[in-house]
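Enquirer: My structure is below; once you've seen it, I'll send some questions.
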Amino acid sequence: MPTLGSLSKDMPDLELKFAWPVNPAAHVPTRVTGLTAVSLTQLREDAPALPLRDGTLVVLTGTTPFRVRGRGMSAIEVLLRRMARRQCAALVGAGPGDAHEVWPQAARDLSDQLGIPLMATTAPPERWIGLGGIGLGDEILASRVASAEAQVEQLNALIETLPTQLADPKAMTEIAECLSATLEAQVLVHSEPQGILVAAPATAAEQLAQAFLRQSAARPLHNNPSVPHTQMISLAPATGAETVLAVTSETRLDTTQMRLVRHAAKLLGLVDQAHREYQAATLAPQAARLAAVQLLLEGEPHKARRVLSGLAPGLLEPDMARVFVIQTSQKLREPTRRRCETTTAGRALVVGDPQDARRILVINPVPVGDEADDSVAVDLTRIVATPGSKTSLGGSGLYSLTLVADALQEATTAQRFATHQANPVALSVQESDFISLLPQSDAQRWAHGLLHPLMETGRQWDQFRETLPVALAHPYTVAAQLLELHRNTVTKKVSRAGKLLGVDLTAVRHRVSVGLALELVTRREPVASPHDGSGTDSGSPPDLRTLLQTRQVSLWADAFLSPARRDRRDLLTTATCWLAYDTHVEPAARALGLSEATVRNHLRALEAYLARDLSSLTGLRDLAFSLHISGLAQIIESTSAQLASVA
1 MPTLGSLSKD MPDLELKFAW PVNPAAHVPT RVTGLTAVSL TQLREDAPAL
51 PLRDGTLVVL TGTTPFRVRG RGMSAIEVLL RRMARRQCAA LVGAGPGDAH
101 EVWPQAARDL SDQLGIPLMA TTAPPERWIG LGGIGLGDEI LASRVASAEA
151 QVEQLNALIE TLPTQLADPK AMTEIAECLS ATLEAQVLVH SEPQGILVAA
201 PATAAEQLAQ AFLRQSAARP LHNNPSVPHT QMISLAPATG AETVLAVTSE
251 TRLDTTQMRL VRHAAKLLGL VDQAHREYQA ATLAPQAARL AAVQLLLEGE
301 PHKARRVLSG LAPGLLEPDM ARVFVIQTSQ KLREPTRRRC ETTTAGRALV
351 VGDPQDARRI LVINPVPVGD EADDSVAVDL TRIVATPGSK TSLGGSGLYS
401 LTLVADALQE ATTAQRFATH QANPVALSVQ ESDFISLLPQ SDAQRWAHGL
451 LHPLMETGRQ WDQFRETLPV ALAHPYTVAA QLLELHRNTV TKKVSRAGKL
501 LGVDLTAVRH RVSVGLALEL VTRREPVASP HDGSGTDSGS PPDLRTLLQT
551 RQVSLWADAF LSPARRDRRD LLTTATCWLA YDTHVEPAAR ALGLSEATVR
601 NHLRALEAYL ARDLSSLTGL RDLAFSLHIS GLAQIIESTS AQLASVA
């Protein structure tokens, strides 16, 4: 389509020049979309009927404007004001000589005020209206048709960039890239406080930095050499969203191009709104799930159930649960979390660990009677086993919902061991759940018989049941922090429990046996009352030795210790002596004739082989009982009578 600058170059027979302003550079690229010729007489008689539109070039014929006075000058002033409102291209006047002398000073002043350039021509009128041949009007018409076709193609290309879902994260990028390619311009979408959302091309962020510093969508910057031609449009002014589209080009954008920019801004606004609504709809449930997990870790299952009552009704109704920990890269955590959430929908609670940007926590509630249901574990294993994922999985055994924190510790330990194995999966629930192998009825009778002195204390039993599992599993200082009690309070409670039971709870052999009994009662009967007779049958309860003599438990102990036997070092002898000295390294090293560093290296290697954390009560329990059952440890032999007769 011709412009004011191209008309004078491409059609020299029109003898067209800029008369005003003195520096017409800003008007050179203005496009000419139509031509209207009018005489001064017609202008005086019927000026309102003159057809004017965006881009129209008006040619004043039959007189030299410089000689116009009175009513004629008033008519020209009215015409210029109408042309400004209609955004016409320019007003052309005929006259010989210097182009600057064609228009009077009053017209020049009004030109400056309205922004309508004045031009001069010495060509006769027939050259303008194309009498006897194809003239400028026909050329402009053909150009307008071509321009309309190009505009349709541009709009089609813009619409084709829209995805099937506006929340598609690539939608905004594709629209910006299409706009940049079409206009040959720099395009940037910026949001507060998120910053740059999209830059097309990638260098646009640097190019448009000054634009955001010097101007805003409400106050566009003009004639700044550092920002050639920049337009900034708010994507959602009605909603107050602080997201802005910025477009800068080497040449000023014409009306058609600006229309395309506004269309793109509308589409980008819809995409931005969809992103915000999608995030709100996604983040709210995630926040509820995370709050529920934090409540479970604090031992508050009732509050966690209330939090999830609307989002996942019934999910936390079971009193037991398994916990899984998945570790992957920070980049892959969110897609992995979504996949886990979709795969385990309705069966598990999946959240990103707020303490570690690479970890995912999965809590799998298990209804009573479904302890053997490992479907969630199987599904998670399948996700982790994806080739090239560099993801590992650890799982816990079955725990009460009130002990989810302990289950998490076990699952974290298992996951840590899994990272050092060829198979990146270590699931206690699939490998060896020692408690589930015990004869359950006899185990409950034994546990109730052992803990009877504590359970008959009435209200104090609730305190013992809450305090002892934590106090036996951790140093008293750590246990005090977890229980939000003073260290002396924890020490007194443990000491009183030891006196009531008649054992020394600082000794490993007594800690693991009492810990096992507490785990049986707390995990298997989380809400049982000590006074309702549950877990007790007529007759004396069995002893611990009898519980540990079943074939299933024997096979478990052999399989449990088997990996450690393959090491050329005598790791099991080191472990036996270490347990005999109540997990004190220094006396165990002296007794074995080894350095303390060697003993510690043996214990670390044993942890890797057994997939157990030997600093935890669960790890000590499984190691002590497996050594005792396999008849490998002399120290266990010397204390086996106590282990068997604690009850």
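Numbering (full-length UniProt numbering), first residue to last: 1 to 647. Built from N, CA and C at the ideal position, the CB exists for glycine as well.
1. Which residue marks the beginning of the beta strand (DSSP E) containing V198, and which one marks its end?
2. Given Y581, which residues of its chain have a CB within under 6 Å of its CB, disregarding the five upstream and five downstream residues?
3. For G5, does the three-state DSSP call read helix, strand or coil?
4. I need the DSSP call for L91, collapsed to helix, strand or coil.
5. From P469 to D374, what distance separates their C-alpha atoms?
6. Would you grab the beta carbon distance between L361 and V351 for me? Rounded to a whole angstrom, and I think it's under 8 Å.
7. Using the Cα positions of S616 and G515, report the straight-line distance between them to the nearest angstrom.
8. Short check: CB of A199 to CB of V187, under 9 Å?
9. Determine the extent of the alpha helix (DSSP H) in which S441 is found, giving its start and end residues.
10. Given a threshold of 16 other Cβ atoms within 10 Å of its Cβ, counted over all protein chains shown, does A217 qualify as buried or as exposed?
11. Use the C-beta contact count for V378: other C-beta atoms within 10 angstroms, 16 or more gives buried, fewer gives exposed.
12. Assuming L80 and L110 form a contact by the criterion Cβ under 8 Å, report the distance between their Cβ atoms to the nearest whole angstrom.
13. For the candidate residues V508, A507 and P453, whose alpha-carbon lies nearest to that of R496?
14. Which one of R71, V38 and A597 has the shortest CA to CA distance from G93?
15. Which word fits R568, buried or exposed, when buried means at least 16 other C-beta atoms lie within 10 angstroms of its C-beta?
16. Exposed or buried, P365, counting other C-beta atoms within 10 Å across all chains shown (16 or more means buried)?
17. If you measure between the beta carbons of F625 and L501, is that distance less than 9 Å?
18. Determine the closest residue to A107 out of Y609, G72 and C88, with distance taken between C-alpha atoms.
19. Between which two residues does the beta strand (DSSP E) harbouring N601 extend?
20. Roughly how many whole angstroms lie between the Cα atoms of E192 and L290?
21. Could you give the distance in angstroms between the alpha-carbon of L60 and the alpha-carbon of R31?
22. By Cβ distance below 7 Å, which residues in the same chain neighbour S595 in space, the five residues on each side in sequence not counted?
23. Considering only the alpha carbon of each residue, which of G498, V68 and L35 lies closest to D54?
24. Ignoring anything shorter than 3 residues, give me the beta strand (DSSP E) runs that lie fully in the region 242-301, in order along the chain.
25. Rounded to a whole number of angstroms, what is the C-alpha to C-alpha distance between T344 and Q327?
26. Where does M83 sit, in a helix, a strand or coil, going by DSSP?
27. Can you have a look at P424 and say buried or exposed, based on whether 16 or more other CB atoms are within 10 angstroms of its CB?
28. In terms of alpha-carbon separation, which member of P21, E466, R306 and L268 lies closest to L197?
29. For S234, list the residues DSSP reports as bridge partners.
30. By Cβ distance, which residues of its chain are closer than 7 Å to V295, with the 5 residues on each side in sequence left out?
31. For the beta strand (DSSP E) that I326 lies in, which residues bound it at each end?
32. I need the boundaries of the alpha helix (DSSP H) containing R416, first residue and last residue.
33. Closest to E184 by CA distance: which of L253, H190 and G62 is it?
34. For I636, collect the residues of the same chain with a Cβ closer than 6 Å to its Cβ; drop the 5 residues on either side in sequence, then sort them by chain order.
35. CA-CA distance, L16 and R85?
36. From what residue to what residue does the beta strand (DSSP E) around W461 run?
Expert: According to the structure data:
1. G195 to A200
2. P587 and A588
3. helix
4. strand
5. 26 Å
6. 5 Å
7. Cα to Cα, S616 sits roughly 11 Å from G515.
8. Less than 9 Å separates the beta-carbon of A199 from that of V187.
9. Q440 to M455
10. Since pLDDT at A217 reaches only 44, below the 50 mark, its modelled position is unreliable, and the value read off the structure follows with that caveat. With 16 or more other Cβ atoms within 10 Å, it is buried.
11. exposed
12. 5 Å
13. P453
14. V38
15. exposed
16. Buried, since its Cβ has 16 or more Cβ neighbours within 10 Å.
17. no
18. G72
19. Unbroken run through N601 is the alpha helix (DSSP H), E596 to L610; no beta strand (DSSP E).
20. 27 Å
21. 19 Å
22. A589
23. L35
24. 243-249
25. 17 Å
26. In the structure shown, M83 sits in a helix (DSSP, three-state: H, G or I).
27. Around the beta carbon of P424, 16 or more other beta carbons sit within 10 angstroms, so the residue counts as buried.
28. L268
29. Within the DSSP secondary-structure output, S234 pairs in a beta bridge with V244.
30. Note that residue 295 corresponds to Leu in the displayed sequence, not to Val. Counting only Cβ-Cβ distances below 7 Å, and skipping sequence neighbours, we find K303, A304 and V307.
31. M320 to Q327
32. V404 to A418
33. Selected option, being the one with the closest Cα: L253.
34. Confidence at I636 is low in this model, with a pLDDT of 35, below 50, so the placement of that residue is unreliable and no value is reported for it.
35. 24 Å
36. For W461, no beta strand (DSSP E) encloses it; the enclosing alpha helix (DSSP H) starts and ends at R459 to A473.
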